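Input: a single structure, listed below in structure tokens.
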Amino acid sequence: MIITSAVFLSVTGAEALYADMGHFGQKPIRAGWCFIVFPALVLNYLGQGAWALAQPASEFAHGFNPFFNMAPSWAQIPLVVIATLAAIIASQALISGAFSTTMQAIQLNFLPRMRIERTSDQESGQIYIPIINWMLMIGSITLVLQYKSSEHLASAYGIAVSLTMLVTTILFGQFLRQRFKIPTVTAYVFVAPVILLEVVFVGSNLPKILESGWLPLTAGFLVYYIMAVWNKGRQVMKEKMSEGETSGDFENFLDSVEDRFVAGKLSRVKGTAVYMTGSTKSVPMALAHNLKHNKSLHDHIIVVSLKVDDERAIVPPADRISFNTRGPKFCKVESHEEFPSVLSVTGKFGFREKQDVYPVLEAAYKELGITPNPMETTYFLSRETIVRATTGFSLNVVQEKLFEVLNRNALSATAYFNLPPGRVVELGMQVEL
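Here the sequence shown is numbered in our numbering, starting from 463 and rising by one per residue.
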């Protein structure tokens, strides 16, 4: 069992290569693995094995490292430099993977909004998330201070990687079941040999949990708990907000607005109003509040909803945007002052893509046949304040407090969608959880 756990470390490290799959694509990664990485690993391990067989047993009593000691004495320092550079390159791949995974979690509503910076105009996957970078730095320093040696760190690394491989294989079985529409048992028959091998690796690394393997397991549980609480809280908040909307059906709401407009209870103001909402089928809270308190309608009203397709990494341009127009030719207003054009537009993005509102707005302007003045365009956003419900709790006390902290520190929609701050109006409401 001990030997198996030690041998397992020789098959780790390839995940650093595949962490860049989303940035370079499948072909470069496959070519790099087949023609560079795999041959180099085979030669390296065979060389270390040959060196170890040629050495007397007394050499290993001093803790000699075959990797460095099989090289001549004059080449050991350059070899250390090369190994250090290789470690830096591998760390960069894992850092990029952490950025991509975090962005996808935000897109799929498992983490709050964070500031994401694009570092390339050609590659969508080239991103930088400052807060994740700082957290990785703090985590790396903590690991060095906690373990102090590579031997202790290897114990934590082994249990973390073996469990990750096992979970990935289980998820791959689910992918086979859904992709090829086959029974669950049939899907797992194909991956059973790999699962059995990985179960052996996990079992061999279990004794390391008490030594130092508890730390990555604890960190993984905390990340999972945060993601689960955020996702549950957002779903509950969405349900609560839909219950408090003026009208659940957008068409019925527009009918009532038209009646009030004909009766002279609503005034007309110049400019374009853009309302960001989670669904174009329901009434945006900001729109309902604006009509309730300001009693005014802009010349053009655009309701924008950005959706993430969790089954596609990139959505084709043909499926990107859909419209639902409601304007003067569809309404019943017969006065000389026509009812404003109302356009509902939905933009779909893949989980690897940035939710960019401006291409969606450009398509909406083209659909309406207008070229609005940026200084006459107002963006209306909704802001929620979390309060504790008196009865019928949706979250327990710990979850509610954690969700409140995450929601308070989430990046604002203004900054996330890069909207002009001077043209944004936020209308809020209290949501009981």
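C-beta atoms are modelled at their ideal positions from N, C-alpha and C, and glycine is treated no differently.
All of these numbers come straight from a predicted model, not from anything done at the bench.
Separation of residue j from residue i, as counted between CA atoms
i	j	result
residue 878	residue 698	22 angstroms
residue 657	residue 487	27 angstroms
residue 766	residue 729	23 angstroms
residue 412	residue 627	Nothing in the structure corresponds to residue 412, since the chain is present only between 463 and 895.
residue 876	residue 780	27 angstroms
residue 693	residue 573	7 angstroms
residue 634	residue 519	44 angstroms
residue 709	residue 474	Because residue 709 sits at a pLDDT of 46, beneath the cut-off of 50, its placement in the model cannot be relied upon, and the following sentence gives the value as read from the coordinates. Computed Cα separation, rounded: 55 angstroms.
residue 859	residue 844	25 angstroms
residue 716	residue 825	22 angstroms
residue 543	residue 535	14 angstroms
residue 493	residue 659	26 angstroms
residue 833	residue 768	22 angstroms
residue 466	residue 616	13 angstroms
residue 592	residue 577	7 angstroms
residue 664	residue 655	14 angstroms
residue 666	residue 625	11 angstroms
residue 868	residue 497	45 angstroms
residue 885	residue 743	25 angstroms
residue 819	residue 630	34 angstroms
residue 489	residue 870	42 angstroms
residue 639	residue 770	23 angstroms
residue 506	residue 653	29 angstroms
residue 527	residue 605	23 angstroms
Burial state of residue i, where buried means 16 or more other Cβ atoms lie within 10 Å
i	result
residue 837	exposed
residue 755	exposed
residue 893	buried
residue 532	buried
residue 812	buried
residue 554	exposed
residue 611	exposed
residue 748	buried
residue 791	With a pLDDT of only 38 at residue 791, under 50, the local geometry of the prediction cannot be trusted, and the value read off the model is given with reservation. By the 10 Å Cβ count, residue 791 comes out exposed.
residue 642	exposed
residue 798	At residue 798 the pLDDT is 40, less than 50, meaning the model places this residue with poor confidence and gives no usable figure here.
residue 734	buried
residue 777	buried
residue 889	buried
residue 539	exposed
residue 566	buried
residue 582	exposed
residue 745	buried
residue 686	exposed
residue 793	With a pLDDT of 46 at residue 793, under the threshold of 50, the predicted position of this residue should be treated as unreliable, and no value is reported.
residue 750	buried
residue 848	buried
residue 764	buried
residue 712	buried
residue 815	buried
residue 511	exposed
residue 803	buried
residue 558	buried
residue 530	exposed
Boundaries (first-last residue) of the alpha helix (DSSP H) holding residue i
i	result
residue 497	Careful: residue 497 lies outside any alpha helix (DSSP H) and carries neither H nor E.
residue 863	859–871
residue 753	747–755
residue 597	592–609
residue 712	712–724
residue 538	538–569
residue 819	819–830
residue 529	528–531
residue 877	875–878
Any C-beta of chain C under 9 angstroms from that of residue i
i	result
residue 713	Of the protein chains in this structure there is only one, and it is not chain C.
Range covered by the beta strand (DSSP E) that runs through residue i
i	result
residue 759	758–771
residue 848	839–849
residue 808	803–812
residue 738	729–739
residue 891	886–894
With a cut-off of 8 angstroms, do at least 3 Cβ pairs link the stretch 545–563 to the stretch 672–692?
no
Are the stretch 856–871 and the stretch 714–728 touching by the rule of at least three beta carbon pairs closer than 8 angstroms?
no
Where are the alpha helix (DSSP H) runs, 4 residues long or more, that stay fully inside the stretch 637–686, in chain order?
646–667
Is the stretch 873–889 in contact with the stretch 731–751, if contact means three or more CB pairs nearer than 8 angstroms?
yes
Pair every Cβ in the stretch 802–812 with every Cβ in the stretch 780–787, then say whether three or more of these pairs are closer than 8 angstroms.
yes
Meets three-Cβ-pair contact criterion under 8 angstroms: the stretch 620–633 and the stretch 663–671
yes
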